[in-house]
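One structure below.
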Amino acid sequence: MDKLLIRGGRKLSGEVLISGAKNAALPELCAALLTDEPVTLHNVPRLQDVTTMLKLLRNMGVAAERDDNGTVRIDAGPLHNPEAPYELVKTMRASVLALGPLLARFGKARVSLPGGCAIGSRPVDQHIKGLQAMGADISVEHGYMVAGVRGGGRRLHGARITTDMVTVTGTENFLMAAVLAEGETVLENAAQEPEIPDLAEMLISMGAQIEGHGSSRIHIQGVERLHGCTHRVVADRIEAGTFLCAVAAAGGDVLLRHARADHMDAVVEKLIEAGATVTAVEGGVRVKASGRLRAQSFRTTEYPGFPTDMQAQFMALNAISTGTSTVTETIFENRFMHVDEMLRLGARIQHDGKVAVVEGVEQLSGATVMATDLRASASLVIAGLVADGETLVDRIYHLDRGYDRMEAKLRGIGADIERISERVTA
Ligand SMILES: CC(=O)N[C@H]1[C@@H](OP(=O)(O)OP(=O)(O)OC[C@H]2O[C@@H](n3ccc(=O)[nH]c3=O)[C@H](O)[C@@H]2O)O[C@H](CO)[C@@H](O)[C@@H]1O
Ligand SMILES: C=C(OP(=O)(O)O)C(=O)O
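Reading the sequence shown from the start, the letters are residues 1 to 426 in full-length UniProt numbering.
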């Protein structure tokens with residue numbers, strides 16, 4: 001199991017190349033299941049989750065190859081096994097995204113229930129309810145969602161779907177099911193995260209008829225078949241936001257190439273209020289900061305609000321800023337696992353239920369900490385960059401799920417950080 005060793009106190013300067021978004025690449029890999037023609041995706045990040053998704057697709061009989069330049073070629077023509085087994089699904093929530101496209105193209109699917117994870121219980125009841133409204137019969141048997149088109153037919157039908165809450169992967173599953181369904185589907189209360197319009201644009205380039213993506217009401221007119229396409233995955237706004245917080249905390253001047261400021265309004269606004277300079281420039285976003293910033297209170301909500309996937313990283317910044325801030329997590333019920341680890345670094349944070357109160361301290365002190373989930377890991381790396389002495393972040397397999405060579409990118413802008421493999425430390 002790898003660890004990261006960070007010696008804090010270095011300012012950051014230079015350029016970082018922001019990768020394609022994990023949360024766009026994963027549904028887009030699943031969208032390739034909707035056609036028997038080849039699909040090419042560019043700007044696919046090098047992540048453990050992408051490796052797992054490719055394994056999942058190959059296990060179905062899909063031909064999938066990736067090169068070193070971030071291009072993935074998928075041919076779902078030979079698919080013969082519309083199933084996502086537990087062994088592959090357990091590590092990755094996004095595997096639930098196989099359900100919609102498999103049902104749409106084959107009229108049946110067998111997908112393991114995704115495992116619970118550290119941030120909350122993460123049920124899939126809304127996915128099931130929505131697909132049932134489109135004519136699917138879905139039962140849960142031995143931990144699997146066993147789905148087929150009602151009455152033994154092959155095509156789902158259009159429906160009006162209003163989910164109880166805004167769900168990102170739910171909206172994506174419905175989109176991918178609806179593009180091949182008979183008739184019109186209307187998604188009310190749809191998620192608006194930038195990964196949704198990116199997926200919709202890909203589906204449109206495959207021949208789908210979609211309107212309203214990027215808003216809370218999406219109209220889809222089903223078509224009989226889709227063709228192959230070439231698509232470029234949108235830049236990762238959460239990776240970019242993580243680097244923004246890292247520079248704001250450590251100080252410095254960094255250009256985030258390919259980052260989209262217009263996808264990060266809520267985070268950028270808070271950083272500017274905190275005292276950082278963040279500007280959209282040709283081809284990216286530039287961030288400058290020096291000294292202690294002012295702590296900012298915030299509340300996570302659906303896009304375009306403050307993203308839950310940025311809560312831990314911004315909390316790390318608040319922990320060393322001046323003043324006291326309140327952080328309210330409204331999306332997931334257990335997403336403060338980083339707090340106890342930050343306390344080990346000398347942070348002053350109290351939390352109760354959905355709310356954490358962070359009293360900024362002048363200096364954190366390096367310690368050994370344990371990553372508990374993906375963004376918690378990123379927040380501990382940020383804290384390590386500003387702590388004095390050495391910080392060892394253990395269990396970084398969580399980080400590798402969703403960040404494309406984070407330590408190499410940080411080293412490239414001046415951080416003192418190295419990956420240590422278990423063999424070396426044993
Ligand atoms: C692969 C991917 O894109 N993951 C993102 C996606 O996760 P994901 O799509 O799993 O998250 P959702 O948007 O579905 O979850 C939002 C809320 O709805 C609840 N819910 C959701 C579905 C359901 O059937 N029943 C239910 O109760 C969830 O428990 C949660 O409280 O959006 C989250 C919220 O922005 C992000 O943190 C994740 O990074
Ligand atoms: C929670 C996240 O991802 P996932 O939904 O893949 O677990 C995340 O990206 O922060």
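Don't be surprised by glycine CBs; every beta carbon is placed ideally from N, CA and C.
None of the values given here were measured: they were computed from a predicted structure.
Residue range 72-75 is occupied by the beta strand (DSSP E) that includes Val-72. The DSSP-derived three-state label of Leu-244 is helix.
Leaving aside the five residues that flank Ala-378 on each side, the residues in its chain whose CB is nearer than 6 Å to its CB run, in chain order, Thr-242 and Gln-313. Distances from the CB of Phe-314 to the heavy atoms of ligand 1 are all 7 Å or more. Listed as beta-bridge partners of His-351 by DSSP are Ala-356. A distance below 8 Å separates the beta carbons of Ala-191 and Val-168. Contact check for Val-278 against Leu-244 passes: the beta carbons are separated by less than 8 Å. Shown here for His-351: same chain residues with a beta carbon closer than 7 Å to its own, the five before and five after excluded, namely Phe-336 and Val-339 in chain order.
For Leu-34, no beta strand (DSSP E) segment is defined, and its DSSP state is neither H nor E.
Taking a C-beta distance under 8 Å as the contact criterion, Leu-4 and Ile-417 qualify as a contact pair.
Here Ile-210 carries a strand assignment [DSSP, helix/strand/coil]. Contact annotation: Ala-181 and Ala-147 have beta-carbon atoms that are not nearer than 8 Å.
A straight-line Cα-Cα distance of about 36 Å links Pro-85 and Met-315. Counting only residues of its own chain and dropping the five nearest sequence neighbours on each side, Gly-207 has a CB closer than 7 Å to the CB of Val-223, Leu-226 and His-227. Distances from the CA of Ala-280 to each of Asp-262, Ser-297 and Ala-274 were compared; the closest alpha carbon is that of Asp-262. In this structure, Asp-388 lies near Gly-366, with their beta-carbon atoms less than 8 Å apart. In this structure, ligand 2 has no non-hydrogen atom nearer than 7 Å to the beta-carbon of Asn-173.
In this structure, His-398 and Ala-371 form a Cβ contact; the two beta carbons are roughly 5 Å apart against a cut-off of 8 Å.
Leaving aside the five residues that flank Cys-30 on each side, the residues in its chain whose CB is nearer than 7 Å to its CB run, in chain order, Leu-97, Ala-98, Pro-101 and Met-176.
If you draw a straight line from the Cα of Val-233 to the Cα of Arg-66, it comes to about 14 Å. Secondary structure of Glu-422 (DSSP, three-state): helix. In terms of Cα proximity to Arg-93, the closest of Ser-215, Val-124, Ala-76 and Glu-269 is Val-124. Short of 6 Å from the beta carbon of Tyr-303, and not among the five residues preceding or following it, lie these beta carbons of its own chain, in chain order: Gln-192 and Glu-193.
Taking 7 Å as the cut-off, the C-beta of Gly-214 does not count as close to any heavy atom of ligand 1. Residue ranges of uninterrupted alpha helix (DSSP H) with 4 or more members, entirely inside the segment 215-277 and ordered along the chain, are 237-250 and 265-274. If you draw a straight line from the Cα of Lys-129 to the Cα of Ala-159, it comes to about 11 Å. By the Cβ rule, the segment 197-211 counts as touching the segment 21-37, because three or more pairs are nearer than 8 Å. Bounds of any alpha helix (DSSP H) do not take in Ala-109; it lies within the beta strand (DSSP E) bounded by 108-112. Set against 7 Å, the gap from the CB of Arg-46 to the closest heavy atom of ligand 2 is not smaller. Counted as a single uninterrupted DSSP element, the stretch harbouring Gly-412 is not any beta strand (DSSP E) but the alpha helix (DSSP H) occupying residues 406-412. Of the residues assessed, Ala-289 falls on the buried side of the cut-off, its CB having 16 or more other CB atoms within 10 angstroms.
Between Arg-419 and Asp-2 the beta-carbon gap is near 5 Å, inside 8 Å, which marks them as a contact.
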